[in-house]
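Engineer: Input: one structure, supplied below.
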Amino acid sequence: MNDFISCFQVSSGELKDAREAIVVKAGIPLQGGGSIANIFYGVSDSGEEIHACKDMYDHAFLQLREERSYHEKECKKLTSMLRDSEVRSARGGKELGELRAALETALWEKADLAAQVEQNGSQISQLNTKIFGLRKQSEVATMELGTSQDLLKNAREEVAALAAAKSEAERNAATCLEDAATTHKIDHDVSIIAEQKLARAFNHAKAETRRETLEEIEARGVDLSADLEEAHKLERELALLIAPMRASIVVMRSSPQVILHPLFFLLYVAPGGWIL
Numbered sequence: 003m004n005d006f007i008s009c010f011q012v013s014s015g016e017l018k019d020a021r022e023a024i025v026v027k028a029g030i031p032l033q034g035g036g037s038i039a040n041i042f043y044g045v046s047d048s049g050e051e052i053h054a055c056k057d058m059y060d061h062a063f064l065q066l067r068e069e070r071s072y073h074e075k076e077c078k079k080l081t082s083m084l085r086d087s088e089v090r091s092a093r094g095g096k097e098l099g100e101l102r103a104a105l106e107t108a109l110w111e112k113a114d115l116a117a118q119v120e121q122n123g124s125q126i127s128q129l130n131t132k133i134f135g136l137r138k139q140s141e142v143a144t145m146e147l148g149t150s151q152d153l154l155k156n157a158r159e160e161v162a163a164l165a166a167a168k169s170e171a172e173r174n175a176a177t178c179l180e181d182a183a184t185t186h187k188i189d190h191d192v193s194i195i196a197e198q199k200l201a202r203a204f205n206h207a208k209a210e211t212r213r214e215t216l217e218e219i220e221a222r223g224v225d226l227s228a229d230l231e232e233a234h235k236l237e238r239e240l241a242l243l244i245a246p247m248r249a250s251i252v253v254m255r256s257s258p259q260v261i262l263h264p265l266f267f268l269l270y271v272a273p274g275g276w277i278l
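With the sequence shown counted from 1, adding 2 to any position gets you this note's numbering.
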């Protein structure tokens, strides 16, 4: 720092030259080789001229001081920049050394890896061959999987169809069981009705035969009016019992939802044994 500052210190010779320059700027000729003693040569003893020269000298001296101060600031700035540059240079040198060491390590590792790759070349070739075979096996397995999926889909469709057929068969079986139960009930009811109807028809036929017999006897001259009246009354009562059953048979024959059992045709027996 002192070296930089010393360069701006003014020596006596430099001060002499500066004073001579002031005199030249003022237009005052120098005598005797431009010495300090001759600065005011040719200048009158007038106080105004001396005062003007002194002002010019002071102005030049102040300007030199300002320039010196400016150069000192610039010197400090350059010194600071130089120190920062030295620090950065040292840091860069350290980083460069680290990078060189890392580069040497990387080169060594690269050489080692190259040696390993060269040594394992045959193993890599074998692995590539094995990978190729595994890929072929994977393709075959994929094709087989697709075929299996198609078969599974078909099997599921068949199972669904069989399940639907089973449900339909179960519904049909349930319907058949219901029909069988209904038919059995109808058979039972028809049997009971048929027995009742046959008994009524038999009684009606007996009453009719008795009436006819009484009429034949009365036609021979025997008075059987009371018996005939009773026989007619009984026959009419039995006929009334038979008539509703005949009407029910007619209704059941006209209904398409009723299955007529053969015994229904025995529900009404006309006189003389004819089945209506």
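By construction, the Cβ of each residue, glycine as well, lies at the ideal position given by its N, Cα and C atoms. Since this is a predicted model, take the numbers as computed values, not measurements.
Thinking just about the alpha-carbon of each residue, which of 209, 139, 57 is nearest to the one in residue 234?
Structural biologist: 209
Engineer: Give the straight-line distance between the Cα atoms of residue 202 and residue 165, rounded to the nearest whole angstrom.
Structural biologist: 54 Å
Engineer: Looking at residue 205: is its Cβ nearer than 8 Å to the Cβ of residue 242?
Structural biologist: no
Engineer: Helix, strand or coil, according to DSSP, for residue 148 in the structure here?
Structural biologist: helix
Engineer: Considering only their Cβ atoms, is the gap separating residue 217 from residue 230 smaller than 8 Å?
Structural biologist: Yes; because the gap between Cβ atoms is below 8 Å, this pair is in contact.
Engineer: Have a look at residue 173 and residue 158 and give me their C-alpha separation to the nearest angstrom.
Structural biologist: 22 Å
Engineer: In three-state DSSP terms, what is residue 226?
Structural biologist: coil
Engineer: Have a look at residue 117 and residue 123 and give me their C-alpha separation to the nearest angstrom.
Structural biologist: So the two alpha carbons sit approximately 10 Å from each other.
Engineer: Extract the residue ranges of the alpha helix (DSSP H) inside the stretch 89-166, only unbroken runs of 4 or more that lie entirely within it.
Structural biologist: none
Engineer: Here's the rule: buried if 16 or more other CB atoms are within 10 angstroms of the residue's CB, otherwise exposed. What is residue 196?
Structural biologist: buried
Engineer: Taking the beta carbon of residue 213 as the centre, do at least 16 other beta carbons fall within 10 Å, making it buried, or is it exposed?
Structural biologist: buried
Engineer: Would residue 112 be called buried (16 or more neighbouring beta carbons within 10 Å of its own) or exposed?
Structural biologist: exposed
Engineer: Check whether the Cβ of residue 64 lies closer than 8 Å to any Cβ atom in chain B.
Structural biologist: The structure shown contains no chain B; it is built from a single protein chain.
Engineer: Mark residue 199 as exposed unless 16 or more other C-beta atoms lie within 10 angstroms of its C-beta, in which case mark it buried.
Structural biologist: Buried, since its Cβ has 16 or more Cβ neighbours within 10 Å.
Engineer: Near residue 219, which residues of its chain fall below 8 Å by C-beta distance, leaving aside the five closest residues on each side in sequence?
Structural biologist: For residue 219, same chain residues with a beta-carbon under 8 Å away, outside a window of 5 residues either side, are 226 in chain order.
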